[in-house]
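Following the numbering used here, the numbering of the sequence shown begins with 668 at its first residue and continues without gaps.
The structure appears right after this line, and notes come after that.
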Amino acid sequence: MSTLKEQLQSVKNELELGKQAENSRHIIEECEVIYERLVRPHDKLRRLIAEFKILQLLPDEHVQMLTSSEDITNQSAKCIHSIESFKALWETKRYQARSHDELANAEASLETLVETFGQAVRECWKLWVEQITSRVAVENIKLESQKSLPGLETVYRSYLESQNQLNGLIKRIPSEPTAIDTINSLCERMVELKSEMQWDVDPEVAAFFNRLDRDPQAKVPLSLLSAKVMAWLEEHGYLDQFVIQRRGTRH
């Protein structure tokens with residue numbers, strides 16, 4: 668049987684262990700707060716750096732927007748200084764660094780860098796997208812005019828397919844470098860298809876084929892077969908593909 672002194676010592680030891688555990692819990696909580704405050708902007712910055720690496724595959728004039736930005740350079744220098752100051756404090760204060768201004772300064776400088784860098788990255792992507800889409804763009808009314816012209820149905824469908832793929836890829840900065848090659852290939856294909864389209868079609872010819880395209884039986888009234896339409900059909904070798912049929916009869 669233990670003596671009273673031994674029992675008192677045991678209680679004292681347990682109290683001391685409890686106090687140490689409480690201190691340890693407090694230290695862990697403080698460290699977790701520091702970690703959470705710094706890891707959020709850090710993760711954002713890491714994603715932006717990954718996007719920047721993708722943007723380096725763009726033409727030089729777009730990449731230079733980022734590499735020559737004084738705002739990004741200045742904010743990066745401030746951020747490095749603030750983080751180094753916090754690291755120096757951490758070496759001596761550890762978890763107690765939470766209550767010092769150096770932590771708040773490091774967090775704020777990271778957030779500002781993320782905002783500045785992020786805005787530049789998004790602007791770079793936006794300008795490149797505007798450049799490539801303007802190169803391949805076709806006004807919708809002109810594009811629709813191709814749908815009903817003989818020989819251009821495939822061109823029309825291929826252009827729409829490429830356009831849909833392109834629109835899906837340029838919604839956001841891709842995560843894979845190969846997507847940039849895919850985008851460039853789609854643009855080249857759309858430029859090629861655009862060059863195959865016919866823009867100088869006479870309105871009477873366009874009206875003839877628009878009516879033909881809308882009719883479920885692929886018929887048009889003879890009144891639309893004007894001299895200009897006849898000449899166009901003959902010039903392009905489509906005249907023999909049409910027949911005249913009396914209304915009410917079956918062919």
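Don't be surprised by glycine CBs; every beta carbon is placed ideally from N, CA and C.
Answer with yes or no whether the minimum CB distance from residue i to chain C is below 8 Å.
{"i": "T821", "result": "The structure shown contains no chain C; it is built from a single protein chain."}
Any idea what DSSP makes of residue i, helix, strand or coil?
{"i": "A688", "result": "Unreliable placement is indicated for A688, whose pLDDT of 49 sits below 50; the coordinate value is still reported in the next sentence. Residue state, collapsed to three classes: helix."}
{"i": "A755", "result": "helix"}
{"i": "F909", "result": "coil"}
{"i": "L816", "result": "coil"}
{"i": "G785", "result": "helix"}
{"i": "M857", "result": "helix"}
{"i": "V796", "result": "helix"}
{"i": "Q830", "result": "helix"}
{"i": "S862", "result": "helix"}
{"i": "I837", "result": "coil"}
{"i": "P888", "result": "coil"}
{"i": "Q723", "result": "coil"}
{"i": "P844", "result": "coil"}
{"i": "D867", "result": "coil"}
{"i": "V822", "result": "helix"}
{"i": "E696", "result": "helix"}
{"i": "V706", "result": "helix"}
{"i": "D738", "result": "helix"}
{"i": "S743", "result": "helix"}
{"i": "E806", "result": "coil"}
{"i": "D768", "result": "helix"}
Select from the options the residue whose C-alpha is nearest the C-alpha of residue i.
{"i": "E871", "options": "L853, S890 and S862", "result": "S890"}
{"i": "W792", "options": "H767, K720 and E774", "result": "K720"}
{"i": "K910", "options": "A846, L777, V887 and Q723", "result": "Going by the sequence as given, residue 910 is Val instead of Lys. Checking every option, the nearest Cα to that of V910 belongs to V887."}
{"i": "V700", "options": "A717, E774, S749 and S736", "result": "E774"}
{"i": "N772", "options": "S749, N834 and D907", "result": "S749"}
{"i": "Q798", "options": "D768, L705 and I850", "result": "I850"}
{"i": "E769", "options": "R802, V781, K745 and E782", "result": "K745"}
{"i": "A874", "options": "Q865, S829, S862 and L892", "result": "L892"}
{"i": "F753", "options": "L777, E737, V730 and M897", "result": "L777"}
{"i": "N831", "options": "G818, D869 and R856", "result": "R856"}
{"i": "F876", "options": "K861, L860, V896 and V858", "result": "V896"}
{"i": "A904", "options": "R802, V858 and G818", "result": "Checking the sequence shown, residue 904 turns out to be Gly, not Ala. It is G818 whose Cα lies nearest to the Cα of G904."}
{"i": "K861", "options": "S801, D848 and Q908", "result": "S801"}
{"i": "R765", "options": "I695, V781 and E782", "result": "I695"}
Report the rounded CA-to-CA distance for residue i versus residue j, giving the unit in angstroms.
{"i": "A688", "j": "I747", "result": "For A688, the predicted structure reports a pLDDT of 49, less than 50, and the residue's modelled location is therefore unreliable. A value from the coordinates is still provided. Going from the Cα of A688 to the Cα of I747 covers about 36 Å."}
{"i": "P708", "j": "E728", "result": "28 Å"}
{"i": "F732", "j": "Q786", "result": "A small fix is needed here, since residue 732 is Met in this sequence, not Phe. If I take the Cα positions, the gap works out to 11 Å."}
{"i": "T779", "j": "Q742", "result": "7 Å"}
{"i": "K814", "j": "Y826", "result": "11 Å"}
{"i": "L816", "j": "L724", "result": "39 Å"}
{"i": "F784", "j": "L722", "result": "13 Å"}
{"i": "L833", "j": "R878", "result": "31 Å"}
{"i": "D882", "j": "V730", "result": "51 Å"}
{"i": "E901", "j": "A894", "result": "11 Å"}
{"i": "E828", "j": "C854", "result": "12 Å"}
{"i": "D867", "j": "W899", "result": "12 Å"}
{"i": "L810", "j": "M864", "result": "8 Å"}
{"i": "R714", "j": "V788", "result": "11 Å"}
{"i": "K666", "j": "A717", "result": "There is no way to answer for residue 666, as the model of the chain reaches only from 668 to 918."}
{"i": "E697", "j": "R704", "result": "11 Å"}
{"i": "S735", "j": "E790", "result": "14 Å"}
{"i": "Y702", "j": "P726", "result": "38 Å"}
{"i": "D869", "j": "L906", "result": "16 Å"}
{"i": "V796", "j": "V706", "result": "31 Å"}
{"i": "Q908", "j": "E859", "result": "28 Å"}
{"i": "T740", "j": "S812", "result": "50 Å"}
Check: Within the chosen definition, does the region 838 to 848 reach the region 818 to 830 through at least 3 CB pairs nearer than 8 Å?
Finding: The region 838 to 848 makes no contact with the region 818 to 830, as fewer than three CB pairs between them are under 8 Å.
Checklist line | At least 3 beta-carbon pairs within less than 8 Å: the region 744 to 759 vs the region 793 to 807 | finding: Because the criterion of three Cβ pairs below 8 Å is not met, the region 744 to 759 and the region 793 to 807 do not touch.
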